[in-house]
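Just so you know, full-length UniProt numbering puts 53 at position 53 of the sequence shown, and the rest follows in order with no gaps.
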Amino acid sequence: AKAVIRDVGRVLGHPYGFVDRISKLIPPDPGMTLAKAFEAEPQLPEIYEADEEVKALIDMARKLEGVTRNAGKHAGGVVIAPTKITDFAPLYCDEEGKHPVTQFDKSDVEYAGLVKFDFLGLRTLTIINWALEMINKRRAKNGEPPLDIAAIPLDDKKSFDMLQRSETTAVFQLESRGMKDLIKRLQPDCFEDMIALVALFRPGPLQSGMVDNFIDRKHGREEISYPDVQWQHESLKPVLEPTYGIILYQEQVMQIAQVLSGYTLGGADMLRRAMGKKKPEEMAKQRSVFAEGAEKNGINAELAMKIFDLVEKFAGYGFNKSHSAAYALVSYQTLWLKAHYPAEFMAAVMTADMDNTEKVVGLVDECWRMGLKILPPDINSGLY
């Protein structure tokens, strides 16, 4: 809904501020439509009736809402087929004319029985590799074995002390100002908290109040319940304990369905998808399946439905935990390197960013703050 308002406003030649004012009235919830926005935000019908230009813009946006906007190519999505890809999907050439792209979107590709893998490059892995090369060169001189980054402990006190002080410049995923503010409030003290940190720092959780609840529960300012003080079940404690009773991950949505209503893994994944898409007919079907399963497990019908409603509410904000854990691991590895091998780590980071003068200046300031001495270029000492 937001996108179609902005696109129509731009084409009609309205000033940015005019369009932005309307767009900001539309709630940021996943799957939000103009019809839902008019129900949720009382100001929208008011300005629609009061301003002819707003009315014309919204009327046109309603006609275009849901129409395909443009053809795009996934940054790293690779479709794998058992035979020729054209046996399953039509193709077209990308804009550069170099790569064949399926005309099906990801949902149609899946429906056709094909698998899509995401192969995305991550510059941080190169930075870690460069840092390890310098570290192991020094360790070899000292007669020490090479450092295996995959074997570092995940409960290192020095690393978490640095994290709690928000000294995370150059640390993967954790260096933005907003993230540093969140770290100061959360005070993560274990790897599980770092996984949650990555999942929490997104518009949905930040705007919904979920982040505040998570922090208050972690620090004992709010009672921990599984998932709600009024509506909870003891069987959900093992599922929700790592996140202080907050439904944060998509995997937790699936586990709740399995524990309370006896869903299979495949069935629980269908529920997760249905909740993410918010299709009323699919949700009505899932609600019925959930209720039947809960009844078979001897769970009170009202309690089951209240928990279903809570799960549905948070499912739209849920993040994939395996994705979050993978990012958190790379974040932790860069944090650990910065804590234990600051010179090598910062040298690797600056090498990766040497074409970005503004960023290098900030990294040089961070080196001075850390007490690292930066020497002028030296052809005999430099490794580049």
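Backbone N, C-alpha and C define an ideal beta-carbon position, used for all residues, glycine too. Note that this is a predicted model, so its numbers are computed, not measured.
A Cβ-Cβ distance of about 7 Å is found for the pair residue 248 and residue 318, placing them in contact under the 8 Å criterion. Here residue 147 carries a coil assignment [DSSP, helix/strand/coil]. Your pair residue 257 and residue 290 checks out as a contact, with CB atoms roughly 7 Å apart and the cut at 8 Å. Beta-bridge annotation (DSSP): residue 102 is paired with 91. Residue range 115–118 is occupied by the beta strand (DSSP E) that includes residue 117. Annotated as proximal: residue 8 and residue 57, with beta-carbon spacing under 7 Å. In this structure, DSSP gives residue 311 a helical state, which the three-state scheme calls helix. Under the 8 Å Cβ criterion, the segment 66–86 counts as touching the segment 101–114, having at least three qualifying pairs.
In this structure residue 153 is exposed. Its beta-carbon is surrounded by fewer than 16 other beta-carbon atoms within 10 angstroms. Rounded to whole angstroms, the gap between the alpha carbons of residue 59 and residue 18 is 16 Å.
Approximately 7 Å separates the beta-carbon atoms of residue 316 and residue 276; this is inside 8 Å, confirming the contact. For residue 76, there is no enclosing alpha helix (DSSP H), as DSSP gives it neither H nor E. Contact between the segment 205–214 and the segment 342–358 is absent: fewer than 3 CB-CB pairs across the two stretches fall below 8 Å. Between residue 306 and residue 114, the alpha-carbon positions lie close to 37 Å from each other. By the Cβ neighbour-count rule, residue 141 is exposed, with fewer than 16 other Cβ atoms within 10 Å of its own. The beta carbon of residue 330 lies closer than 6 Å to those of 124, 172 in the same chain, with the five residues before and after it left out. Rounded to the nearest whole angstrom, the C-alpha separation of residue 279 and residue 286 is 11 Å.
Under a 10 Å Cβ-count criterion, residue 272 is classified as buried, with 16 or more other Cβ atoms of the shown protein chains found around its own Cβ.
Counting along the chain, the unbroken alpha helix (DSSP H) around residue 9 starts and ends at 2–11. For residue 225, there is no enclosing alpha helix (DSSP H), as DSSP gives it neither H nor E.
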